[in-house]
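All remarks here apply to the structure that follows.
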Amino acid sequence: MKIVTVVGARPQFIKAAAVSRVLRKAHTEILVHTGQHYDANMSAVFFTELQIAHPDYALGVGSGTHGKQTGEMLEKIEAVLLKEKPDGVLVYGDTNSTLAAALAAAKLCIPVAHVEAGLRSFNRKMPEEQNRVLTDHLSTLLFTPTKTAGMHLQHEGITQGVHLVGDVMCDALYFYKELAEKNGSPWDQLENLFEQGPCIQKDWVLATIHRAENTAGEQNLMQILAAFEELPYPVIFPVHPRTKTLVAHLMEQQIYRNIRFIQPVGYLQMLWLAGHARTIITDSGGLQKEAYLLNVPCVTVREETEWVETIEEGWNRLAQANKKDLLQKFAQARPAQKHPPLYGNGHAAEKIVGLLSTLKES
Ligand code: UD1
Ligand code: UDP
Numbered sequence: 017m018k019i020v021t022v023v024g025a026r027p028q029f030i031k032a033a034a035v036s037r038v039l040r041k042a043h044t045e046i047l048v049h050t051g052q053h054y055d056a057n058m059s060a061v062f063f064t065e066l067q068i069a070h071p072d073y074a075l076g077v078g079s080g081t082h083g084k085q086t087g088e089m090l091e092k093i094e095a096v097l098l099k100e101k102p103d104g105v106l107v108y109g110d111t112n113s114t115l116a117a118a119l120a121a122a123k124l125c126i127p128v129a130h131v132e133a134g135l136r137s138f139n140r141k142m143p144e145e146q147n148r149v150l151t152d153h154l155s156t157l158l159f160t161p162t163k164t165a166g167m168h169l170q171h172e173g174i175t176q177g178v179h180l181v182g183d184v185m186c187d188a189l190y191f192y193k194e195l196a197e198k199n200g201s202p203w204d205q206l207e208n209l210f211e212q213g214p215c216i217q218k219d220w221v222l223a224t225i226h227r228a229e230n231t232a233g234e235q236n237l238m239q240i241l242a243a244f245e246e247l248p249y250p251v252i253f254p255v256h257p258r259t260k261t262l263v264a265h266l267m268e269q270q271i272y273r274n275i276r277f278i279q280p281v282g283y284l285q286m287l288w289l290a291g292h293a294r295t296i297i298t299d300s301g302g303l304q305k306e307a308y309l310l311n312v313p314c315v316t317v318r319e320e321t322e323w324v325e326t327i328e329e330g331w332n333r334l335a336q337a338n339k340k341d342l343l344q345k346f347a348q349a350r351p352a353q354k355h356p357p358l359y360g361n362g363h364a365a366e367k368i369v370g371l372l373s374t375l376k377e378s
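For what it's worth, our numbering labels the leading residue of the sequence shown as 17, then goes sequentially.
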């Protein structure tokens with residue numbers, strides 16, 4: 017079978033790396049990179065490090081408003097699909113690249129297979145929630161990472177083509193963890209964003225912040241950084257490009273002595289930094305799960321999360337973007353007693369690839 021895979025943003029490269037390795041043994045994969053993420057440390061580093069095949073199509077769409085970005089992707093993906101005439105289109109997660117690919121394929125009556133289907137925050141203001149709801153309703157095969165995700169689909173009347181396969185990020189983590197550990201401490205490779213910052217060798221908190229609600233204006237990020245300043249451990253903060261200008265602006269008003277701002281890092285460095293952190297503070301979807309899988313307590317700076325199991329099991333806590341609440345939640349964050357395998361056994365990719373063969377019959 018011929019499968020067109022569409023990726024565009026950092027977490028999708030990691031997810032696709034896990035699936036592609038297996039997919040290419042059974043099917044022909046045509047890889048499309050929309051260009052949503054394009055900085056070397058947001059894109060190329062993952063292709064090199066995770067040995068992802070060179071994209072067959074690099075659409076070079078880049079940044080823009082949601083409409084412009086999604087629209088341009090839609091047009092360019094449609095052209096690829098008309099040329100390649102695949103048996104199916106494989107999409108990941110909830111970015112604008114996901115929705116554009118799903119919509120382009122569905123309009124051409126090409127079946128869509130959605131990895132990470134059924135996740136819901138129930139916050140329709142989030143662009144990711146809009147993208148995932150629409151993608152799920154356009155999909156023929158829906159690969160859910162958790163039971164909860166399957167229930168959400170059922171509530172929306174989607175019962176056909178839903179398969180609980182586990183989480184492909186879990187596959188990626190299990191596959192690369194040893195390599196990340198072997199590569200050892202990445203300290204000498206970290207690129208500082210600013211000259212100031214604490215010297216860190218042990219006992220750090222790892223933080224990432226990039227959600228629209230935490231970066232749209234100064235207020236939330238200012239509060240978050242104020243909390244980081246008061247933590248009992250230094251904070252290492254790989255800064256997403258969306259957050260960079262705002263951090264630079266805040267640095268003009270304030271000296272942050274407890275935060276080391278660095279450029280985004282590759283996946284292996286990130287796994288190492290996460291696995292050895294005391295606590296992780298983030299608004300990232302992927303990092304919440306990685307914290308759980310690495311047995312590191314997590315504080316999520318959001319009003320809600322799609323990864324509710326991490327909260328239920330006591331490994332993750334939601335915090336508002338204000339100093340007091342964040343410090344309070346940080347003080348409560350500690351490993352919980354139980355640690356069930358919430359996200360599968362690291363073999364989601366095999367299940368996905370097996371099920372893709374059923375597209376021929378649909
Ligand atoms: C996107 C996804 C989000 C995902 C995140 C992963 C959508 C709606 N959002 O958010 O779900 O969690 O990717 O990281 O698809 N920029 C650069 N260089 C780059 C990429 C982006 O400078 O290589 C800057 C641009 O100013 C751009 C901004 O970051 O406008 C935001 O990028 P965009 O891809 O639109 O959204 P993300 O915040 O990255
Ligand atoms: N990540 C990375 N380098 C970084 C920050 C994050 O490799 O500097 C990885 C992280 O470990 C996880 C994924 O990127 O695997 C999460 O991506 P992101 O937070 O951008 O998106 P989200 O998961 O929120 O959609």
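Note that CB positions come from ideal geometry on N, CA and C, so glycine has one too.
In three-state DSSP terms, what is Lys-18?
The answer is strand: DSSP assigns Lys-18 an E or B state.
Do you know how far the Cα of Phe-277 is from the Cα of Phe-210?
About 7 angstroms.
Cβ-heavy atom distance between Tyr-283 and the ligand UDP below 7 angstroms?
Tyr-283: yes, Cβ under 7 angstroms from the ligand UDP.
What does the Cβ neighbour count give for Pro-356, buried or exposed, with the cut at 16 atoms within 10 Å?
Flag for Pro-356 reads exposed.
Going by the CB atoms, is the gap between Ala-165 and Ala-133 shorter than 8 angstroms?
Yes, they are a contact pair.
Tell me which residue opens and which closes the beta strand (DSSP E) that Tyr-108 is part of.
Segment 104-108, the beta strand (DSSP E) holding Tyr-108.
Using a threshold of 7 angstroms, is the CB atom of Pro-102 nearer than that to any non-hydrogen atom of the ligand UD1?
It does not: the Cβ of Pro-102 is nowhere closer than 7 angstroms to a heavy atom of the ligand UD1.
Excluding sequence positions up to five away, which residues of its chain have a Cβ less than 6 angstroms from the Cβ of Arg-227?
Closer than 6 angstroms at Cβ, skipping near neighbours: Asp-299.
Terminal residues of the continuous alpha helix (DSSP H) containing Thr-259?
Residues 257-269.
The beta strand (DSSP E) spanning Thr-298 covers which residue range?
Per DSSP, Thr-298 belongs to the beta strand (DSSP E) from 295-298.
To the nearest angstrom, report how far apart Gln-52 and Val-105 are at their CA atoms.
Each residue's alpha carbon lies about 18 angstroms from the other.
Go through the residues and name those whose CB comes closer than 5 angstroms to any heavy atom of the ligand UD1, in chain order.
This criterion selects Ala-25, Arg-26, Gln-52, His-53, Tyr-54, Asp-55, Met-58, Ser-79, Thr-111, Asn-112, Pro-143, Glu-144, Pro-257, Arg-258.
May I ask which residues mark the beginning and end of the alpha helix (DSSP H) holding Asn-236?
Element bounds for Asn-236: 234-245.
Can you tell me which of the three DSSP states Pro-254 falls into?
Here Pro-254 sits in strand by DSSP.
Tell me whether Asn-311 is buried or exposed, calling it buried when 16 or more other Cβ atoms sit within 10 Å of its Cβ.
Result: exposed.
Give me the Cα-Cα distance between Val-61 and Pro-257, rounded to the nearest whole angstrom.
About 15 angstroms.
With a threshold of 7 angstroms, establish whether the CB of His-226 neighbours any heavy atom of the ligand UDP.
Within the cutoff, so yes.
Are there 16 or more other CB atoms within 10 angstroms of the CB of Ala-56, so buried, or fewer, so exposed?
The residue in question, Ala-56, is exposed, as its Cβ has fewer than 16 Cβ neighbours within 10 Å.
Whole angstroms is fine: what's the gap from Ala-381's alpha carbon to Arg-136's?
Residue 381 cannot be examined here, being either before or after the span of the chain that is shown, 17 to 378.
With DSSP as the reference, label Thr-168 as helix, strand or coil.
In the sequence as displayed, the identity of residue 168 is His instead of Thr. If DSSP states are grouped into helix, strand and coil, His-168 belongs with the helices.
Just to confirm my understanding: we take Ala-28, look at its own chain, exclude 5 residues before and 5 after, and list those with CB closer than 8 angstroms. What are they?
The sequence shown places Gln at residue 28, not Ala. Excluding positions up to five away in sequence, the list reads Tyr-108, Gly-109, Thr-111, Ser-113, Thr-114.
Quick check: what's the CA-CA separation for Thr-50 versus Gln-353?
Answer to the nearest angstrom: the Cα atoms are 42 angstroms apart.
Between the Cα of Thr-383 and the Cα atoms of Gln-170, Ala-129, Val-38, which residue gives the shortest distance?
With the chain covering only 17 through 378, there is no way to say anything about residue 383.
So, for Lys-260: in the same chain, excluding its five sequence neighbours on each side, which residues have a beta-carbon less than 8 angstroms away from its beta-carbon?
Only Leu-209 meet the Cβ criterion.
Is it buried or exposed, Pro-248, if we count other Cβ atoms within 10 angstroms and call 16 or more buried?
It counts as exposed.
Going by DSSP, which residues form a beta bridge with Leu-180?
Answer is Thr-160, bridged to Leu-180.
In the DSSP assignment, find the beta strand (DSSP E) that holds Glu-45 and state where it starts and stops.
Unbroken beta strand (DSSP E) run through Glu-45: 44-49.
Using the C-alpha atoms, what's the distance from Glu-45 back to Ile-368?
Roughly 14 angstroms between the two C-alpha positions.
Could you check the C-alpha separation between Ala-335 and Met-17 for me, to the nearest Å?
Cα to Cα, Ala-335 sits roughly 46 angstroms from Met-17.
What separation, rounded to the nearest whole angstrom, lies between the Cα atoms of His-153 and Gln-146?
Their backbone Cα atoms lie some 11 angstroms apart in a straight line.
Run through the segment 304-362 for me and flag every whole alpha helix (DSSP H) of 4 or more residues, listed as ranges in chain order.
Counting whole runs of 4 or more residues, the segment 304-362 contains the alpha helix (DSSP H) stretches 324-328, 339-348.
Just grab the DSSP bridge partners of Leu-272 for me.
Reading off the sequence, residue 272 comes out as Tyr, not Leu. Answer is none; Tyr-272 lacks a bridge partner.
Which whole runs of the beta strand (DSSP E) in the segment 126-151 are 3 residues long or more, in chain order?
With a minimum length of 3 residues, the continuous beta strand (DSSP E) runs that stay inside the segment 126-151 are 128-131.
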